[in-house]
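Chains as they are written, first to last, in my numbering: chain A, 20 to 183; chain B, 7 to 188.
Down below is the structure, laid out as structure tokens.
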Amino acid sequence: MGVPVNTVGLIYLVLIGFLYLTCWRRDRRKTLRSLHAARSTLIKLLPMLVAIFGLIGLVQVFVPAAMIESLLGDSGGFLSILTAGSVGAIAIGPPLAAFPLAGSLLEAGAWPPAIATFVVSWILVGFLTLPLEIELFGLRFALARNGISFAAALLIGSLVGVVL
Amino acid sequence: MKGSGVKQKGKGVTSFLVAQWLPLMVLALYGGAFVFSPLKARQALAVSGQTFASVLLIILAVVALTGFILVWIDRSRVARLLGREGGWRALFFAALCGMLLIGPPYVIFPLLLSIRQQGARWAVIVTVLAAWAVKIQLLPLEVQFLGWPFAIARTLLTLLLAIPVGLLVEAVVERGRPTPGD
Chain A
20 MGVPVNTVGL
30 IYLVLIGFLY
40 LTCWRRDRRK
50 TLRSLHAARS
60 TLIKLLPMLV
70 AIFGLIGLVQ
80 VFVPAAMIES
90 LLGDSGGFLS
100 ILTAGSVGAI
110 AIGPPLAAFP
120 LAGSLLEAGA
130 WPPAIATFVV
140 SWILVGFLTL
150 PLEIELFGLR
160 FALARNGISF
170 AAALLIGSLV
180 GVVL
Chain B
7 MKGSGVKQKG
17 KGVTSFLVAQ
27 WLPLMVLALY
37 GGAFVFSPLK
47 ARQALAVSGQ
57 TFASVLLIIL
67 AVVALTGFIL
77 VWIDRSRVAR
87 LLGREGGWRA
97 LFFAALCGML
107 LIGPPYVIFP
117 LLLSIRQQGA
127 RWAVIVTVLA
137 AWAVKIQLLP
147 LEVQFLGWPF
157 AIARTLLTLL
167 LAIPVGLLVE
177 AVVERGRPTP
187 GD
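Okay, here's the thing in structure tokens:
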């Protein structure tokens, strides 16, 4: 990517700014509420974000790239996809945090299909939210949904490998 | 709610640990790193800071978009519509709604329960949840860290599989059970 990252970020921010300005004309109170929602989202996310970026630094400096490559590299084939899916299923965190972490793994030599599996499994399969899901929808539903979602994550990852 | 004070206190600590396990773990790892290898630990901290600083504006933009969608898309209206619709239209609408719904699981799950109670079929519930993994509002961030081809491929494939996953889960859940209409 030739354009510096922060220029890209600035372009996004300006676009969102226009969106907010347009809405400001239509409904001031709703726009203010959007800003409040954005602020509280950011505040809630902040500890997790700091942790994720902290983790990225640790991974880059302390974990040898060879280790990431052997666990999640293309030589592992389907085993790499399975490993990535399992790690994603156990990990719980905001989806927003999955992408920076996935990026640093990719940079260290992980296989794109494994990383796609990791991302989808991170978002879709909730090992730690399972109790809530069972309580609301019942055991049978929760097991079926998480099991099939896990399979779907593996399939999406494999297909990403076919497409890319 | 009715538990004794001690129990509640214990639950509070547990839920704090569960909610903040990652920050706590990273903090502990840095503690260890600074004890055993201060130089490398400082290096790791520098890498973290640089990465964070480089995408800060994108994160702000994504969060601003999240706030916008949260307020301008009326969740209860979406729930009413999903409960009323049936057939393929409902499934496509569910996939669309899943893409636009934003919130943590403890907000989304009760919302889905209310959709179910308003008459939606299981496939609709699961399709919403599966399409929720598309994360259209995070696309700028995904592109930044994983590149355009990866982001587009993953997003489209996730969306494409949302309805099949919904139908499959419905088939499993309702196997051997009388249909609600009988």
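Beta carbons are placed, not taken as given, at the ideal position from N, Cα and C, and that holds for glycine.
(request) In angstroms with no decimal places, state the Cα-to-Cα distance between L173(A) and L35(B). (result) 30 Å
(message) I need the DSSP call for A116(A), collapsed to helix, strand or coil.
(response) helix
(request) Give the straight-line distance between the Cα atoms of K143(B) and A157(B), rounded to the nearest whole angstrom. (result) In the sequence under discussion, the amino acid at residue 143(B) is Gln, which differs from the Lys named in the question. If I take the Cα positions, the gap works out to 12 Å.
(request) Output yes or no for whether 8 Å exceeds the beta carbon distance between V5(B) and L163(B). (result) No statement about residue 5(B) is possible, as the shown extent of chain B runs from 7 to 188 and does not include it.
(message) Can you list, in chain order, the residues of its chain with a C-beta nearer than 6 Å to that of L76(B)? Leave out the 5 residues immediately preceding and following it.
(response) I108
(request) Hey, could you find the ends of the alpha helix (DSSP H) F156(A) is sitting in? (result) 149-156
(request) Please work out which residues of its chain come closer than 8 Å, Cβ to Cβ, to R81(B), disregarding the five sequence neighbours upstream and downstream, and give them in chain order. (result) L107, L117
(message) Judging by CA-CA distance, which residue of C103(B), A136(B), E91(B), L152(B) is the nearest neighbour of W130(A)?
(response) L152(B)
(request) Compute the beta-carbon to beta-carbon distance between A135(A) and R160(B), rounded to the nearest angstrom, for a pair I have assumed lies under 8 Å. (result) 5 Å
(request) Measure the alpha-carbon distance for S123(A) versus V82(A) and round it to whole angstroms. (result) 11 Å
(message) Could you check whether the Cβ of P44(B) sits closer than 8 Å to any Cβ belonging to chain D?
(response) This model lacks chain D altogether, as its protein chains are A and B.
(request) Work out the CA separation of R47(A) and T41(A) for me, nearest whole Å. (result) 10 Å
(message) Let's test the definition: count the other Cβ atoms within 10 Å of the Cβ of T60(A) and tell me whether it reaches 16, buried, or not, exposed.
(response) buried
(request) Would you mind telling me which residues of chain A sit closer than 7 Å to E148(B), beta carbon to beta carbon, in chain order? (result) F118
(message) Between L77(A), M86(A), L38(A), which has its C-alpha nearest S43(B)'s C-alpha?
(response) L77(A)
(request) Sort A136(B), F115(B), V149(B) by Cα distance to F156(A) and report the nearest one. (result) F115(B)
(message) Report the CB separation of T133(B) from A101(B) in whole angstroms; it is logged as a contact under 8 Å.
(response) 6 Å
(message) Out of L178(A), S140(A), R159(A), S177(A), which one is the CA nearest neighbour of F169(A)?
(response) S140(A)
(request) Name the two residues that bound the continuous alpha helix (DSSP H) containing R122(B). (result) 111-123
(request) Using a cut-off of 7 Å between C-beta atoms, extract the partners of R52(A) located in chain B. (result) V77
(request) Give the C-beta separation of K63(A) and W78(B) to the nearest angstrom, bearing in mind that I take them to be a contact with Cβ-Cβ under 8 Å. (result) Actually they are not in contact, since the Cβ atoms of K63(A) and W78(B) sit about 20 Å apart, beyond 8 Å.
(request) State the Cα-Cα distance for the pair F58(B) and P66(A), rounded to the nearest angstrom. (result) 13 Å
(request) Report the residue ranges of all alpha helix (DSSP H) runs contained in full by the region 119-177 of chain B; include only those spanning at least 4 residues, in chain order. (result) 128-137, 145-152
(message) Quick check: P132(A) and G176(A), are their CB atoms within less than 8 Å of each other?
(response) yes
(message) On the DSSP letters alone, give me the boundaries of the alpha helix (DSSP H) that V53(B) sits inside.
(response) 44-78
(request) Answer yes or no: does any C-beta atom of chain A fall closer than 8 Å to that of R127(B)? (result) no
(request) Examine chain A for any beta-carbon lying closer than 8 Å to the beta-carbon of A96(B), and answer yes or no. (result) no
(request) Could you tell me whether any Cβ in chain A is nearer than 8 Å to the Cβ of R160(B)? (result) yes
(request) Determine the burial state of L143(A): buried for a count of at least 16 other Cβ atoms within 10 Å of its Cβ, exposed for fewer. (result) buried
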